[in-house]
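Worksheet: the structure to be examined is printed underneath.
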Amino acid sequence: MKVLETLLHGVGISRSRAGLGDSRRHKLVVYVDGGRFEIESDESLSLLENLLRNGITVDNLCGGRGLCGKCAVKIRSGVFSPPTESERRWGKILGSDMRLSCQVRVLSDAEIELRGVARSSEAKILAWGIKEAVKLDPYVTVRRVRLDPPSLSDQRGDLERL
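Just so you know, we're using the numbering used here here: the sequence shown kicks off at 2 and counts up by one.
This is the structure we're talking about:
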């Protein structure tokens with residue numbers, strides 16, 4: 002049965018779509034910026050979708066298509082779906098212990114590590130920072146000009162009257 006489930010996940014078919022009942026849930030431990038979070042992971046969703054549903058924001062500029070590599074995570078332990086073609090291409094760059102969270106599904110209890118890609122889902126206002134004087138010297142400036150309206154005695158266009 003586990004082999005069948007692994008094959009289904011490899012082609013992106015959920016347990017419920019395959020007629021095997023509801024998708025299974027697993028405990029996922031996420032290490033990020035020195036913190037440790039435990040969330041519940043749904044096998045029918047990608048790792049990225051599971052993280053986003055639990056309030057952990059991960060960069061994914063390509064919208065989860067496996068093109069940008071921004072959602073790469075380090076795998077510490079657990080069983081995951083087989084690598085996709087996108088992951089095989091990125092594997093040469095990222096390394097063997099890294100996977101694209103948008104392409105991988107969690108098939109057992111697992112532990113992953115996010116390296117500098119996770120953010121809180123809430124926006125924060127920067128109250129202080131480094132203030133650097135910037136000289137403004139734009140190429141284009143605005144100049145207001147007043148022209149007398151055209152009359153019967155002066156019927157030139159606006160550009161000619163400048």
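All residues carry an ideal CB built from backbone N, CA and C; glycine is no exception.
Cα-Cα separation, residue i to residue j
i: R1; j: L52; result: The displayed coordinates of the chain run from 2 to 163. Any statement about residue 1 would go beyond what the structure contains.
i: D155; j: A134; result: 49 Å
i: V32; j: L101; result: One detail in the question is off: residue 32 reads as Tyr in this sequence, not Val. Those two C-alpha atoms are separated by around 16 Å.
i: S42; j: E114; result: 15 Å
i: D60; j: P84; result: 20 Å
i: V146; j: K136; result: 26 Å
Top-ranked residue by Cα proximity to residue i, from the options
i: L62; options: G56, K71, R54; result: K71
i: G56; options: F81, D138, E39; result: E39
i: L49; options: C103, D110, S78; result: C103
i: W91; options: V141, F81, L68; result: L68
i: K93; options: F81, D110, A73, S82; result: A73
Neighbourhood of residue i by C-beta distance below 7 Å, restricted to the same chain and skipping five residues each side
i: I98; result: As written in the sequence, residue 98 is Asp, which differs from the Ile given in the question. Once the five neighbours on either side are set aside, the close Cβ partners of D98 are K75, I76.
Beta-carbon proximity list for residue i, same chain, < 8 Å, skipping 5 on both sides
i: L148; result: D159, R162, L163
i: R157; result: P151
Beta-carbon separation (whole angstroms), residue i vs residue j, contact threshold 8 Å
i: S47; j: G65; result: 7 Å
Cutoff 6 Å; reference residue i; Cβ partners in own chain excluding five residues on either side
i: E112; result: V30, R77, S78
*asked:* Going residue by residue through the stretch 58–144, where are the continuous beta strand (DSSP E) segments of at least 3 residues, counting only ones entirely within it?
replied: 73–78, 99–101, 111–115, 119–121
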